[in-house]
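K.L.:
My questions all concern the structure below.
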Amino acid sequence: MDSDGEQWVYNSGTEERICLLGDGTEASQQESIGEPIDWTGRLSTTEDSVGNTMQFCLDIR
């Protein structure tokens with residue numbers, strides 16, 4: 010979780026990440042740290058043409 014309160018899932022060994030928009034129950038779904046978790050949701054994107062970046066978010070609410 011960052012200083013803005015957004016949750017991020019990182020791709021191990023890279024700087025790739027996706028924000029996770031949840032309802033507060035997603036932390037309880039991670040019972041075993043390090044185990045893969047399957048989430049189903051809506052993928053949204055936001056493009057920043059000035060910074061030449063794109064943000065991906067998975068909305069599991």
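In terms of my numbering, the sequence shown has 12 at position 3, counting the first letter as 1, and numbering is strictly consecutive. All C-beta atoms in this analysis are idealised placements derived from N, C-alpha and C, irrespective of residue type, glycine included. Treat the numbers as computed from the prediction; the structure is a model and nothing was measured.
Just the Cα atoms here: how many angstroms apart are Ile46 and Ser58?
P.N.:
Looking up residue 46 in the sequence shown gives position 37. Looking up residue 58 in the sequence shown gives position 49. Each residue's Cα considered, the two are about 32 Å apart.
K.L.:
In whole angstroms, what is the alpha-carbon distance linking Asp13 and Gly22?
P.N.:
Along the sequence shown, read from residue 1 onward, the residue named residue 13 stands at position 4. Along the sequence shown, read from residue 1 onward, the residue named residue 22 stands at position 13. Those two C-alpha atoms are separated by around 24 Å.
K.L.:
In three-state DSSP terms, what is Glu56?
P.N.:
Here the question's residue 56 lines up with position 47 in the sequence shown. Strand.
K.L.:
Note down the Cα distance separating Gln16 from Gly31, rounded to an integer number of angstroms.
P.N.:
In the sequence shown, the residue the question calls residue 16 occupies position 7. In the sequence shown, the residue the question calls residue 31 occupies position 22. Taking the straight line from one Cα to the other gives about 9 Å.
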